[in-house]
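Visitor: Sharing a structure here in structure tokens format.
Chains as they are written, first to last, in my numbering: chain C, 4 to 436; chain A, 4 to 436.
See the structure below:
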């Protein structure tokens with residue numbers, strides 16, 4: 004992670020002719036991000052505009068980030084895949100970035116109708132610079148000054164989430180859930196010394212839960228959770244927040260408030276670890292129902308092949324999760340897991356690098372189940388309990404990986420529900436009524 | 004019209020480090036514009052890609068301009084109008100410009116699949132600078148050098164038609180049919196001294212006709228027509244080409260070839276007047292079935308009002324076509340006509356400028372019928388014949404306007420078909436079989 008180039012505003016510290024931003028006018032600036040369901044229809048956009056008018060009358064100065072209308076990004080991906088299922092590159096990113104262009108324009112029109120000065124903004128206008136890893140780019144720089152100038156003029160910026168531009172001005176996209184990252188990165192770019200900066204992520208769930216309630220009905224809402232735990236949860240398959248978004252929040256101290264678009268009450272605050280008061284041993288059970296495993300046999304000879312393979316995958320933006328390797332008389336055997344969305348790109352890389360003599364197998368019916376908690380740092384023995392629970396329910400574990408604050412296992416998809424329910428209960432996460 | 008800032012390439016004239024374009028590699032560069040039906044579905048996009056591959060193998064170096072997939076711009080306008088029927092401004096332009104972003108990305112993916120290096124390009128990437136008259140902006144400048152650099156590297160530029168960016172980097176759009184203008188302006192921006200530059204406009208009709216064949220079944224195809232006549236036809240309601248496109252063609256000597264997407268044969272060439280060999284007295288009968296007339300009574304007192312009204316309409320991009328004015332004891336009466344698409348914006352301007360004591364009436368069931376021909380310059384008496392023909396068919400003429408090479412009359416919409424058929428026949432334009 005390198006956000007060192009993220010510009011910091013020098014509001015109030017200079018009086019040069021170019022800096023006309025009024026420091027006092029920048030109280031109550033808040034970044035508010037709305038997901039696809041919040042802008043999913045004209046009716047939803049109108050009601051979101053009403054809600055923003057209430058916020059503005061209440062004294063807030065919002066900077067709005069919006070996703071594409073729900074279903075739109077999938078529709079666009081579907082069009083691309085009708086032509087070429089495996090292609091990822093600049094044209095793909097330009098295509099799928101058009102969804103946010105539509106939603107922010109419509110929201111701006113709805114605000115203008117209500118007498119609010121709103122300006123829709125695309126990545127190239129805000130200088131949201133990223134690297135060139137298409138479909139999974141990382142933000143390097145944002146022109147926060149420009150945003151604050153608009154706010155100080157009484158304009159509500161409506162920013163297209165999910166997109167950036169690379170060094171050559173080509174549109175890039177940040178991957179699934181990338182609008183969250185846009186929002187937190189904007190909050191980081193406009194942060195001001197001595198003022199806590201926060202970012203609201205409005206979504207179709209009311210909060211972060213101890214597990215996915217569709218899988219574990221007894222899952223509870225979490226009021227506060229640390230950046231580290233949320234980062235693990237995002238990495239392990241929780242769909243609530245994009246991992247990069249939490250990373251940026253942690254690095255720049257941006258408190259993230261995940262809450263419902265449709266209710267006024269508070270949801271979950273993601274905050275520095277010291278601000279989480281009651282710390283459980285395990286704070287959540289997280290899963291990824293769509294893990295895929297690639298197996299290669301025999302691995303092409305020579306010590307350089309695996310290094311080159313994983314280097315290429317990394318360069319193209321594939322996150323390889325777990326790798327196992329074994330030697331036999333017939334040759335070297337390797338397996339690695341990726342998330343479902345990385346399957347096309349992984350297949351493309353393998354097609355380019357593997358000769359016909361190597362057999363490539365893809366297994367798509369795997370799931371990863373994990374427990375996460377900073378409490379594990381000081382309490383050994385969580386791993387032992389984890390395996391005991393799975394064993395008691397006769398669930399075979401294929402691959403395991405651990406870190407200081409999480410334990411993960413790859414299991415068959417059809418054992419997922421049993422495993423999640425059992426772990427959630429045994430680690431005392433079930434809600435009590 | 005001011006295209007003085009349109010950059011001209013200095014290829015081959017300098018050897019500075021920045022200029023790496025190879026002059027010899029720029030033979031056979033041609034701008035090819037494809038309308039909405041050419042990219043109207045994935046199947047159409049695939050078959051367009053096949054056709055471009057054939058052109059490239061045949062030695063052409065195409066620069067492609069594409070419209071939005073057919074129906075898409077109307078769908079986007081429909082979304083905006085659900086929120087605010089009358090709004091036009093930056094958010095509207097950003098919204099409707101997204102259609103081309105989708106079609107050029109998909110076409111680029113289809114070409115990449117066929118092994119062609121293609122790059123989709125938006126207005127901000129090409130520096131297509133316009134004024135800030137939203138929904139009807141005029142191109143001022145294009146970075147032709149950048150386009151030619153891509154071509155010299157073997158890359159096929161796929162340019163989003165219809166869009167530009169203003170001085171503040173906001174997206175603008177060029178009005179209905181604006182992609183034609185984009186194409187001819189690109190051809191002007193890349194023209195090279197001593198080489199004739201042409202631009203192909205692929206459309207769903209095979210050529211320009213002497214009248215709209217749906218209205219006049221005996222209409223004939225025109226092989227060659229002068230820029231001046233085509234400009235009048237566009238101004239008078241012919242939907243074949245955007246008027247601005249023909250203006251730029253005339254000013255920079257870009258021969259425009261209008262032809263069918265679905266047939267290989269030639270269509271209509273729009274060329275300088277001297278290159279049209281057989282010049283008829285009247286070359287076409289043109290109509291605008293959707294003329295609207297606004298009437299104001301009484302006009303607010305004071306000499307400045309009308310000047311201010313028409314100035315404001317012009318600034319906002321409304322083209323006022325015909326104006327009539329009369330004085331009576333009760334006050335001043337004025338009527339003016341605009342095309343149907345300008346009705347919302349006109350209504351908005353009137354709403355802002357007119358006090359409640361003035362009655363504003365809108366009549367939408369008018370049509371304008373015109374005959375066009377450079378032959379009229381040397382043959383007086385065409386106007387007399389025009390009125391005789393209409394009188395013989397008992398068609399009342401409400402308003403008339405003429406120029407050196409055209410005569411126009413506003414009539415009731417229900418007389419349109421009779422008038423067009425009669426004029427087409429009397430001026431010897433009917434096809435003979």
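Glycine residues also receive a C-beta, built at the ideal position from the N, C-alpha and C atoms.
(1) Taking the beta carbon of residue 305 of chain C as the centre, do at least 16 other beta carbons fall within 10 Å, making it buried, or is it exposed?
(2) Given this structure, state the Cα-to-Cα distance separating residue 357 of chain A from residue 81 of chain A, to the nearest angstrom.
(3) Name, in chain order, the residues that DSSP records as bridge partners for residue 369 of chain C.
(4) Does residue 85 of chain A come within less than 7 angstroms of chain C when only Cβ atoms are used?
(5) Could you give the DSSP three-state label for residue 427 of chain A: helix, strand or coil?
(6) For residue 112 of chain A, decide whether its Cβ has a neighbour in chain C, counting only Cβ atoms nearer than 7 angstroms.
(7) According to the Cβ coordinates, are residue 139 of chain C and residue 180 of chain C closer than 7 angstroms?
(8) Taking Cβ-Cβ distances below 8 angstroms as the criterion, which residues of the region 208-240 of chain A are in contact with chain C?
(9) Taking only three categories from DSSP, how would you classify residue 35 of chain C?
(10) Nearest to residue 398 of chain C by alpha carbon, out of C:405, C:415, C:385?
(11) Within 10 angstroms of its Cβ, does residue 412 of chain C collect 16 or more other Cβ (buried), or is it exposed?
(12) Report the neighbours of residue 105 of chain C on chain A: residues whose CB is nearer than 8 angstroms to its CB, in chain order.
(13) Nearest to residue 36 of chain C by alpha carbon, out of C:248, C:154, C:281, C:221?
(14) With a cut-off of 7 angstroms, does the C-beta of residue 94 of chain A fall near any C-beta of chain C?
(15) Per DSSP, residue 216 of chain A forms a beta bridge with which residues?
(16) DSSP three-state call for residue 76 of chain A: helix, strand or coil?
(17) Within the continuous beta strand (DSSP E) that includes residue 318 of chain C, where are the two ends?
(18) Bridge partners of residue 338 of chain C, per DSSP?
(19) Anything in chain A within Cβ reach of residue 108 of chain C, meaning under 8 angstroms, just list it in chain order.
(20) Between the region 309-328 of chain C and chain A, which residues of the former have a C-beta closer than 7 angstroms to a C-beta of the latter?
(21) Would you say residue 37 of chain A faces chain C, with C-beta separation under 7 angstroms as the test?
(22) Alpha carbon to alpha carbon, how far is residue 123 of chain A from residue 110 of chain A? Give it in angstroms, no decimals.
(23) Are the C-beta of residue 20 of chain C and some C-beta of chain A separated by less than 7 angstroms?
(24) Could you tell me whether the Cβ of residue 119 of chain A comes closer than 7 angstroms to any Cβ of chain C?
(25) State the Cα-Cα distance for the pair residue 349 of chain A and residue 395 of chain A, rounded to the nearest angstrom.
(26) List the residues of chain A whose Cβ lies closer than 9 angstroms to the Cβ of residue 116 of chain C, in chain order.
(27) Against chain C, with Cβ distances strictly below 7 angstroms, would residue 160 of chain A count as a contact?
(28) Relative to the alpha-carbon of residue 417 of chain A, which residue among A:400, A:408, A:406, A:428 has its alpha-carbon at the smallest distance?
(29) Residues in its own chain within less than 8 angstroms of residue 1 of chain C by CB, not counting five upstream and five downstream?
(30) Shorter than 7 angstroms from the beta carbon of residue 45 of chain A to some beta carbon of chain C?
(31) Would you identify the three-state DSSP class for residue 389 of chain A, choosing helix, strand or coil?
(32) Taking the straight line between their C-alpha atoms, what separation do you get for residue 408 of chain C and residue 232 of chain C?
(33) Mind checking which residues open and close the alpha helix (DSSP H) that includes residue 347 of chain C?
(34) If you measure between the beta carbons of residue 3 of chain C and residue 375 of chain C, is that distance less than 7 angstroms?
(35) Return the residue from the list A:254, A:295, A:339, A:363 that minimises the CA-CA distance to residue 303 of chain A.
(36) Are the C-beta of residue 23 of chain A and some C-beta of chain C separated by less than 7 angstroms?
Guide: Let's see:
(1) exposed
(2) 28 angstroms
(3) C:294, C:415
(4) Chain C, which has a Cβ nearer than 7 angstroms to the Cβ of residue 85 of chain A, makes this yes.
(5) Of the three classes helix, strand and coil, the one that applies to residue 427 of chain A here is helix, per DSSP.
(6) yes
(7) no
(8) The region 208-240 of chain A vs chain C, Cβ under 8 angstroms: nothing.
(9) strand
(10) C:415
(11) buried
(12) 79, 82, 98, 101
(13) Looking at the Cα atoms, C:248 is the closest of the given residues.
(14) yes
(15) Beta-bridge pairing links residue 216 of chain A to no other residue.
(16) In the three-state DSSP reduction, residue 76 of chain A falls in the helix class (H, G or I).
(17) Not the beta strand (DSSP E): residue 318 of chain C falls in the alpha helix (DSSP H), residues 307-318.
(18) C:298, C:327
(19) 83, 94, 95, 97, 98, 101
(20) none
(21) No, its Cβ sits nowhere closer than 7 angstroms to a Cβ of chain C.
(22) 8 angstroms
(23) Note on residue 20 of chain C: pLDDT 39, under 50, position unreliable in the model; no value is reported.
(24) no
(25) Straight-line spacing of the CA atoms in residue 349 of chain A and residue 395 of chain A works out to 36 angstroms.
(26) 86, 87, 90
(27) no
(28) A:400
(29) Examination of residue 1 of chain C is not possible in this model, given that chain C is present from 4 through 436 alone.
(30) yes
(31) Helix, per DSSP.
(32) Looking at the two C-alpha atoms, the distance is approximately 7 angstroms.
(33) 346-356
(34) Any property of residue 3 of chain C remains undetermined from this structure, which presents chain C solely from 4 to 436.
(35) A:363
(36) At residue 23 of chain A the pLDDT is 48, less than 50, meaning the model places this residue with poor confidence; the figure from the coordinates comes in the next sentence. Chain C contact via Cβ: absent.
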